[in-house]
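Protein chains in written order, with the UniProt record's numbering: chain A, 1 to 401; chain B, 1 to 321.
Listed below in structure tokens is the structure:
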């Protein structure tokens, strides 16, 4: 191929190397380092003038540093007269903070420390002292979560209520009679999309975006590749007796994803559902299984495993309901905090992840992990994009691998 | 204040102390915001009060974990913009990536321009900063930029804290800073000298050559940034070799990264004076040579005047008490 340059960021050089070797091209020479005061330093060591540049950087590890590095590399290539700059981002950062007011299937990613709001009352006295007219406010789940933390000091991981439950739970949020201000979390999804565009990216390539609507935040084309064909291939090749297994979604939000695969493979399907016990204690929830898994092999499927609380709890529910063996297939295995330990001590028999995030350390710490390689799909997509061919063939053909 | 909206000051995690000083000078409280990290290292910003139609100032310096602090600043600006703030001003005492402002090598990124674009895209309407490395960086922005000077504060420090200042000599540690140093020398009516790095042949170690006479005088080195302090230490020993009795350094931004403290302690510098655009209390604990000039008064005055729509030019030649 002519006029193509593939640059690797420092987040996942191994994947970039594999993509480049699949394409039969050497990686472009770039030196990435940090100055003594921690500013990022990017030096591109070969000409990119009038070339088609692909920058491979995943949103993992130290996310802000890698994001800045990516932005600076894009900007450097643009000012060096590259013809087109494509950002290849296997695991997209800040994808779980889109503009939608609720996260449908994500638990809160970490607890807000108890003293984050120490001394704050979150009351704001408006200029005019008339109390606000009663309006139908959908309750902000984060407010509820915060008020629960402030009330009781030992809370486990807190999940926001589901969409359709917002009006019904009766937890009182602390408000004064002036209708105090309800604090809210900033949603950074649009901001990251705008930053990538303003740095000069012409095209974005990613895989299994948590929220497919995220593509609409960009004005530039976004290719959201699917890991599904690779997952299907793995299941057929490595899970014995897969035709009698049950595909399980660990939460209601991922049901669509799980049924899609179950239909293609003609497998049975089950769902794990968080049911709120009582209206007055909405943070105590039961995980209920919908479907039959007794004496069957179960395959849990999800797109992101961060703290791995969801997936390990789901596995426990399956075993309690009589499952014989539990596999888990995850596209993006972030595994932050003590997730690996949790997986090791859970009842999951095998967890299969993609290498969108470097897994070398995880493989050494946990024997249950298997990795499927996404470099071939990205390499094929880059080749087709460079040659101006259609990428749709990648969405369901597995024998290209 | 006669305007209908009020000043709201938010502080990012980079320099809360300075933000508190600024807020106290203006006479208000810092606004409630929680900026933390999720377990996968993504930044999470939660704004604790209403900013609808308010004049918001976000104080965040480009120091420490620069990329994290920059992302925090961008997300806070964006959060205030989507919360319908009337105007958002980014107060960035030490501007990050200011030294990457030109394409001096092939394919070098102009990261300062990228940062300017990012701030504008996130939603900043105004930028206030102190002693930009190159004042031309103001041209990278399409929004108004106030580049405040720490020079009046430095002048006041010299007059108040250096005994016998009328008999000192102002020295610039490199040719690029000559303009800055001569400005101060003229204001104080003092002599001026310059240190020049002479490069003989490509692989040979360059010498430092002093241009000017410092014999028997106290020399004051003036520079805008002190990062690893290699240049300052070398300049100090050159001055001592050429007969200076004492050598002090006054620097606007004391980044002091890497082995800077060791270098300062071993050098023949008697004092290194930095402003508090960058927090350095932990470094002061290990290095008694470091002194601080407080510029929170300048920043507070600039914020107050910006909010009230008054002229800021007063601050270019006077340091508020």
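A virtual CB, placed ideally from N, CA and C, is assigned to each residue, including glycine.
>> Can you list, in chain order, the residues of its chain with a C-beta nearer than 6 Å to that of residue 293/A? Leave out the 5 residues immediately preceding and following it.
In response: Counting from one through the first chain, the residue named residue 293/A turns up at place 293. Answer for residue 293/A: 246, 270, 318, 321, 323, listed in chain order.
> What are the boundary residues of the beta strand (DSSP E) that includes residue 10/B?
Replying inline: Here residue 10/B refers to the residue found at position 10 of the second chain. Residue 10/B -> beta strand (DSSP E) spans 7 to 11.
> From residue 238/A to residue 261/A, what distance separates their C-alpha atoms?
Replying inline: To locate residue 238/A, count along the first chain from 1; it is residue 238. To locate residue 261/A, count along the first chain from 1; it is residue 261. So the two alpha carbons sit approximately 16 Å from each other.
>> Can you tell me whether residue 60/B is buried or exposed? The criterion is at least 16 other CB atoms within 10 Å of its CB, across all chains shown.
In response: If you number the second chain from 1, residue 60/B lands on position 60. Residue 60/B is buried by the Cβ-count criterion.
> If you count every other CB in all the chains shown that lies within 10 Å of the CB of residue 367/A, and 16 or more means buried, which is it?
Replying inline: By one-based count along the first chain, residue 367/A stands at place 367. With fewer than 16 other Cβ atoms within 10 Å, it is exposed.
>> Does residue 391/A come out as helix, strand or coil in the three-state DSSP assignment?
In response: Your numbering for residue 391/A matches position 391 in the first chain. Of the three classes helix, strand and coil, the one that applies to residue 391/A here is coil, per DSSP.
>> In the DSSP output, which residue or residues are listed as bridge partners for residue 7/A?
In response: Working through the first chain from its first residue, we reach residue 7/A at position 7. Paired residues: 55/A.
> Can the beta-carbon of residue 190/A be found closer than 7 Å to that of residue 217/A?
Replying inline: Here the question's residue 190/A lines up with position 190 in the first chain. Here the question's residue 217/A lines up with position 217 in the first chain. At a Cβ-Cβ threshold of 7 Å, residue 190/A and residue 217/A count as neighbours.
>> Below 8 Å on the Cβ atoms is my contact criterion, and I expect residue 272/B with residue 239/B to pass it. Report the Cβ-Cβ distance as a whole number of Å.
In response: Here residue 272/B refers to the residue found at position 272 of the second chain. Here residue 239/B refers to the residue found at position 239 of the second chain. Not quite, the Cβ-Cβ distance comes to about 14 Å (not below 8 Å), so this is no contact.
> At a CB-CB cut-off below 7 Å, which residues of chain A make contact with residue 121/B?
Replying inline: Taking the second chain and counting its residues from 1, the one referred to as residue 121/B is at position 121. Neighbours of residue 121/B on chain A, chain order: 194, 195, 198.
>> So residue 390/A contacts chain B; which residues on that side make the cut at Cβ distance below 8 Å?
In response: As a working mapping, residue 390/A is identified with position 390 in the first chain. By Cβ distance, chain B contributes nothing, its closest Cβ being about 32 Å from residue 390/A, past 8 Å.
> Residues of chain A with CB under 8 Å from residue 109/B, in chain order?
Replying inline: Sequence index remark: in the second chain, residue 109/B carries index 109 (1-based). The answer, in chain order, is 42, 72, 73, 75, 76, 79.
> If we call anything under 7 Å between Cβ atoms a contact, is residue 88/A one with residue 205/A?
Replying inline: Numbered from its first residue, the first chain carries residue 88/A at position 88. Numbered from its first residue, the first chain carries residue 205/A at position 205. Yes, the pair counts as a contact, with Cβ atoms nearer than the cut-off.
> According to the Cβ coordinates, are residue 34/A and residue 5/A closer than 7 Å?
Replying inline: In the first chain, counting from the first residue as 1, residue 34/A sits at position 34. In the first chain, counting from the first residue as 1, residue 5/A sits at position 5. The answer is no: Cβ separation not under 7 Å.
> Which full runs of the beta strand (DSSP E) of 3+ residues lie inside the region 157 to 208 of chain B, going along the chain?
Replying inline: 168 to 172, 191 to 198
> Can you tell me the Cα-Cα spacing of residue 363/A and residue 370/A, whole angstroms?
Replying inline: On the first chain, residue 363/A is found 363 positions in, with the first residue counted as 1. On the first chain, residue 370/A is found 370 positions in, with the first residue counted as 1. Their backbone Cα atoms lie some 8 Å apart in a straight line.
> What three-state label does DSSP hand residue 234/B in the structure shown?
Replying inline: Looking up residue 234/B in the second chain gives position 234. Residue 234/B: helix per DSSP, three-state reduction.
> If you follow the beta strand (DSSP E) that residue 276/B is part of, which residue opens it and which one closes it?
Replying inline: By 1-based counting over the second chain, the position of residue 276/B is 276. Run containing residue 276/B: none; DSSP gives neither H nor E here.
>> I want to verify the contact list: residues of chain A whose CB lies under 8 Å from the CB of residue 228/B, in sequence order.
In response: Your numbering for residue 228/B matches position 228 in the second chain. Within 8 Å of the CB of residue 228/B, the CB atoms of chain A belong to 36, in sequence order along the chain.
>> Could you compute how far the alpha carbon of residue 322/B sits from the alpha carbon of residue 113/B?
In response: Examination of residue 322/B is not possible in this model, given that chain B is present from 1 through 321 alone.
> So what does DSSP say about residue 154/B, is it helix, strand or coil?
Replying inline: As a position in the second chain, residue 154/B is number 154, starting the count at 1. Here residue 154/B sits in helix by DSSP.
>> At a CB distance below 7 Å, what residues from the region 29 to 57 of chain B approach chain A? Give them in sequence order.
In response: 32, 34, 36, 38, 39, 40, 41, 42, 43, 44, 45, 46, 47, 48, 49, 50
> Does residue 362/A have its Cβ less than 7 Å from a Cβ in chain B?
Replying inline: Taking the first chain and counting its residues from 1, one reaches residue 362/A at position 362. No, because no Cβ of chain B sits closer than 7 Å to the Cβ of residue 362/A.
> In chain order, what residues of the same chain have a beta carbon less than 6 Å from the beta carbon of residue 241/A, not counting five sequence neighbours either side?
Replying inline: Counting from 1 along the first chain, the entry for residue 241/A is found at position 241. Cβ within range, chain order: n/a, list empty.
> If you pair each beta-carbon of the region 67 to 83 of chain A with each one of the region 93 to 110 of chain B, do three or more pairs fall below 8 Å?
Replying inline: The region 67 to 83 of chain A is in contact with the region 93 to 110 of chain B.
> Given that residue 75/B touches chain A, what residues does it touch there, using C-beta distances under 8 Å?
Replying inline: Residue mapping note: residue 75/B aligns to position 75 of the second chain, counting from 1. The answer, in chain order, is 186, 188, 191.
> Roughly how many whole angstroms lie between the Cα atoms of residue 273/A and residue 267/A?
Replying inline: For the purposes of this step, residue 273/A is taken as the residue at position 273 of the first chain. For the purposes of this step, residue 267/A is taken as the residue at position 267 of the first chain. So the alpha carbons of these two residues sit roughly 20 Å apart.
> Buried or exposed: residue 95/B, going by 16 or more other Cβ atoms within 10 Å of its Cβ?
Replying inline: Taking the first residue of the second chain as position 1, residue 95/B is located at position 95. Under this definition residue 95/B is a buried residue.
> Of all the options 306/A, 310/A, 301/A, 300/A, which has the alpha carbon lying nearest to the alpha carbon of residue 286/A?
Replying inline: Indexing the first chain from 1 puts residue 286/A at position 286. 310/A is the residue among 306/A, 310/A, 301/A, 300/A whose C-alpha sits nearest the C-alpha of residue 286/A.
> Under three-state DSSP, which class holds residue 335/A?
Replying inline: Here the question's residue 335/A lines up with position 335 in the first chain. In this structure, residue 335/A counts as coil in the three-state DSSP scheme.
> In angstroms, rounded to a whole number, what distance separates the CA positions of residue 235/A and residue 374/A?
Replying inline: The residue you call residue 235/A lines up with position 235 of the first chain. The residue you call residue 374/A lines up with position 374 of the first chain. Roughly 15 Å separates the two Cα atoms.
> Are the C-beta of residue 257/B and some C-beta of chain A separated by less than 7 Å?
Replying inline: Against the second chain, residue 257/B aligns to sequence position 257. Taking Cβ atoms only, chain A reaches closer than 7 Å to residue 257/B, which makes this a yes.
>> Rounded to the nearest angstrom, what separates residue 13/A and residue 99/B at their Cα positions?
In response: Mapped onto the first chain, residue 13/A falls at position 13. Mapped onto the second chain, residue 99/B falls at position 99. Straight-line Cα distance between these residues: approximately 27 Å.
> Shorter than 7 Å from the beta carbon of residue 66/B to some beta carbon of chain A?
Replying inline: If you number the second chain from 1, residue 66/B lands on position 66. For residue 66/B, the answer is yes, since a Cβ of chain A falls inside 7 Å of its Cβ.
>> If we require 4 or more residues per run, which alpha helix (DSSP H) segments fall completely within the region 84 to 124 of chain B?
In response: 111 to 122
> In the DSSP assignment, what residue or residues form a beta bridge with residue 147/B?
Replying inline: Here residue 147/B is taken as the residue at index 147 of the second chain, counted from 1. Residue pairing by DSSP puts residue 147/B in a beta bridge opposite 129/B.
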